[in-house]
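Below is one structure, written out as structure tokens, with a few remarks after it.
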Amino acid sequence: MADRQNERGCDRADLPGRLPQAPGCQRSEAIPHWTVRRSPAAFPEPVCRAGRHGGGAGIVAGGQRRRRGRPHRQPARRILVVTEGTRTEPQYVEGLNRYLRSRGATAIVKPVSVGKDPLKVVQKCVEKRDEAAQNDKEYDDCVCLVDVDEHQTLPAAVQLAERENIRLLISNLKFEAWLRWHAEHKRSALTSTQLDDLVTKLGLVKGKILSQSFPFNQVHDACKTARVVDPDMRPGRKGPDPSSPMPILVDLMQGADRGYD
């Protein structure tokens, strides 16, 4: 009987609210499940962070919010493009801008109605560049698009562009030679009238209006052809007939500069 009472005392000694352990009892090393208590030190507050692809704020210990820093993005280079033509060239550059959608650069097209005079085109480019600088809207690069077309003022335009650090891109015989290479890679010399007829036949231009389905996706093939025709292309240079240094502008619009200067 005494042994059974001792066993009963041992069993009940660890119960909450019971008397202390009876003499002669051996306390079990196991901790009854009803005596387990959560220790704050053993279970620290969780740390929540945004996932690898997440953004915004995260929760850190103590409930404080921590905002992840956003990567620094360089502002896009602003390219002033002044064109001798008032329809085909501006339409092409604007369409190419939309097609490339480059984050590194953007072209702002300014056609000028000065007739077929490369010198006046460069002079207008200088004016527009300086006006923008006065309004704290500087351009990073300035480009002029002109044709050969037997201009008498072309040499003077080249000299002024060099002094003013303007990239003068001269298409020979005219800009339509560059458009042609978006549809075919033939390099035969044509007259001005023949070029007009060809780009119309190829569906690139109707009148002086660029086709709505112009194949801008062929611009890189056109660049390859232009570089084969004139491997020494650079601003201010009159290349062979036909030729066009338009790959220089394409590179700039993609945020690249191959050092053509």
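Using our numbering, read the sequence shown as starting at 1 and increasing by one per residue. Ideal Cβ placement from N, Cα and C applies to all residues, glycine included. Quick caveat, the model's predicted, so the values are computed rather than measured.
Where does the unbroken alpha helix (DSSP H) through residue i begin, and where does it stop?
i: residue 247; result: 246-253
i: residue 202; result: Taken as a continuous stretch (DSSP letters only), residue 202 belongs to no alpha helix (DSSP H), as it is neither H nor E.
i: residue 225; result: 219-229
Report the three-state DSSP secondary structure of residue i (helix, strand or coil).
i: residue 183; result: coil
i: residue 90; result: helix
i: residue 77; result: strand
i: residue 1; result: For residue 1, the pLDDT reaches just 48, beneath the cut-off of 50, and the residue's location in the model is therefore unreliable, although a value from the coordinates is still provided. If DSSP states are grouped into helix, strand and coil, residue 1 belongs with coil.
In whole angstroms, give me the CA-to-CA distance for residue i and residue j.
i: residue 103; j: residue 208; result: 30 Å
i: residue 89; j: residue 130; result: 23 Å
i: residue 226; j: residue 184; result: 12 Å
i: residue 128; j: residue 166; result: 12 Å
i: residue 230; j: residue 100; result: 24 Å
i: residue 85; j: residue 254; result: 23 Å
i: residue 144; j: residue 152; result: 17 Å
i: residue 75; j: residue 119; result: 32 Å
i: residue 157; j: residue 122; result: 6 Å
i: residue 80; j: residue 250; result: 13 Å
Specify, as a first and last residue, the run of the beta strand (DSSP E) that residue i falls within.
i: residue 111; result: 105-111
_Could you check whether the segment 206-223 touches the segment 139-154, counting it as contact only if at least three pairs of C-beta atoms, one from each stretch, sit closer than 8 Å?_
no
- Task: Could you pull out every unbroken beta strand (DSSP E) segment of at least 3 residues lying fully inside the segment 117-191, listed in chain order?
- Result: 141-147, 167-171
Under 8 Å: do the segment 240-257 and the segment 159-173 share three or more Cβ pairs, one atom per stretch?
Taking 8 Å as the limit for Cβ pairs, the verdict is that the segment 159-173 does touch the segment 240-257.
With three or more beta-carbon pairs closer than 8 Å as the criterion, would you say the segment 109-120 touches the segment 197-215? no
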